[in-house]
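K.L.:
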Amino acid sequence: IPIKNDPQANEKALAGIRHDKARDAKDGFDGGWVAHPGLVSIAAEEFQKVLGDRPNQWEKQRHEVFTAADFLDFQPSQPITEPGVRNNINVGIHYLGSWLAGNGCVPIHNLMEDAATAEISRSQVWQWVVSPKGVLDDGRKVTAEMVRAMIAEELVKVKAAVSEQG
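Given below as structure tokens:
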């Protein structure tokens, strides 16, 4: 979402939107959603670069096929980091609190998040706990006990952030 009071952070956020929409267009999507009306022209521009005058990309087929078994065969492609686990926990707590307060789409860490983000965060943490491959880059296994301790710590951070926002 646009960040009014920090031009540098705003440019970084807009660059991220451009990158995401360019990737979506390249992957064969014909359009996408944005979290703020001020981002529509950026998204449209990225899709226009790929689509040109065509209304869609039906001819573009993605040949990779995923089965349910593929999704359950956890093979981390990037190292699992403690900051990554903490971010998932933090976002999940922050979103859940906002949702319980009646807000289903909320800015968290300068990104507009919704229930899908909270669910991805939750399922990644669960997957790291239950999989033997759920090991941090420093060699520690992600365990339920570790996650519970991080939840307590991240809850304090979320409460502080929310009270700062007023």
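Under this note's numbering, the first residue of the sequence shown is numbered 1365, with each subsequent residue one higher. Where a beta carbon is used, it is the ideal one built from N, C-alpha and C, also for glycine. Treat the numbers as computed from the prediction; the structure is a model and nothing was measured.
1. Taking the beta carbon of GLN1488 as the centre, do at least 16 other beta carbons fall within 10 Å, making it buried, or is it exposed?
2. Does the ligand GDP have even one heavy atom less than 6 Å from the beta-carbon of GLN1412?
3. If you compare alpha carbons, which of ASP1502, TYR1459, THR1507 and LYS1505 is closest to SER1485?
4. I need the straight-line Cα distance from GLN1442 to ALA1465, nearest angstrom please.
5. Go through the segment 1465-1522 residue by residue and report every complete run of the beta strand (DSSP E) that reaches 3 residues or more, in order.
6. With a 10 Å radius around its C-beta and 16 neighbouring C-beta atoms as the bar for buried, classify THR1507 as buried or exposed.
7. Contact check, GLY1456 vs ALA1432 under 8 Å by CB: the rounded distance?
8. Contact between the segment 1443-1451 and the segment 1403-1417 is defined here as three or more beta-carbon pairs at a separation below 8 Å; is this criterion met?
9. From the DSSP output, read off the bridge partner residues of ILE1444.
10. How about GLY1392 and ALA1407: do their beta carbons lie closer than 7 Å?
11. With C-beta atoms as the reference, is ILE1365 less than 7 Å away from ALA1399?
12. Kindly indicate which residue of GLN1372, TRP1490 and LEU1378 has the alpha-carbon position closest to the one of LEU1340.
13. Less than 7 Å between the beta carbons of ARG1450 and MET1514, yes or no?
14. How many angstroms separate the CA atom of LYS1368 from the CA atom of ILE1472?
15. Taking 6 Å as the limit between beta carbons, can you name the residues of its chain near ILE1453, skipping five residues before and five after?
16. Using only the alpha-carbon positions, how far apart do GLN1421 and LYS1390 sit?
17. By Cβ distance, which residues of its chain are closer than 8 Å to CYS1469, with the 5 residues on each side in sequence left out?
P.N.:
The short version:
1. Counted from its first residue, the sequence shown places residue 1488 at position 124. GLN1488 should be labelled buried.
2. Among the components modelled here there is no ligand, and therefore nothing to report on the ligand GDP.
3. Mapped onto the sequence shown, residue 1485 falls at position 121. Among ASP1502, TYR1459, THR1507 and LYS1505, the Cα nearest to that of SER1485 belongs to TYR1459.
4. Translated into the one-based positions of the sequence shown, residue 1442 becomes position 78. Translated into the one-based positions of the sequence shown, residue 1465 becomes position 101. Taking the Cα positions, GLN1442 is about 35 Å away from ALA1465.
5. The beta strand (DSSP E) runs of length 3 or more contained entirely in the segment 1465-1522 are, from start to end of the chain, 1470-1472 and 1475-1477.
6. Counting from one through the sequence shown, the residue named residue 1507 turns up at place 143. Exposed: under 16 other Cβ atoms inside 10 Å.
7. Residue 1456 sits at position 92 when you count from the first residue of the sequence shown. Residue 1432 sits at position 68 when you count from the first residue of the sequence shown. No, GLY1456 and ALA1432 are not in contact; Cβ-Cβ is about 24 Å, not under 8 Å.
8. no
9. For the purposes of this step, residue 1444 is taken as the residue at position 80 of the sequence shown. The partner list for ILE1444 (beta bridge, DSSP) reads LEU1500.
10. For the purposes of this step, residue 1392 is identified with residue 28 of the sequence shown, where counting begins at 1. For the purposes of this step, residue 1407 is identified with residue 43 of the sequence shown, where counting begins at 1. Against a cut-off of 7 Å, the Cβ pair of ALA1407 and GLY1392 comes out as no contact.
11. On the sequence shown, position 1 is the one that residue 1365 refers to. On the sequence shown, position 35 is the one that residue 1399 refers to. The Cβ atoms of ILE1365 and ALA1399 sit closer than 7 Å to each other.
12. This structure does not reach residue 1340, given that the chain is present from 1365 up to 1530, and the question cannot be answered.
13. Position 86 of the sequence shown, counted from the first residue, corresponds to residue 1450. Position 150 of the sequence shown, counted from the first residue, corresponds to residue 1514. It is a contact, given that the beta carbons lie within the stated cut-off.
14. Sequence index remark: in the sequence shown, residue 1368 carries index 4 (1-based). Sequence index remark: in the sequence shown, residue 1472 carries index 108 (1-based). Going from the Cα of LYS1368 to the Cα of ILE1472 covers about 15 Å.
15. Residue mapping note: residue 1453 aligns to position 89 of the sequence shown, counting from 1. Result list for ILE1453: MET1514, ILE1515 and GLU1518, in chain order.
16. Residue numbering aside, residue 1421 sits at position 57 when the sequence shown is read from its first letter. Residue numbering aside, residue 1390 sits at position 26 when the sequence shown is read from its first letter. Looking at the two C-alpha atoms, the distance is approximately 10 Å.
17. In the sequence shown, residue 1469 corresponds to position 105, counting from 1. Correct list, in chain order: ALA1399, MET1476, GLU1477 and ASP1478.
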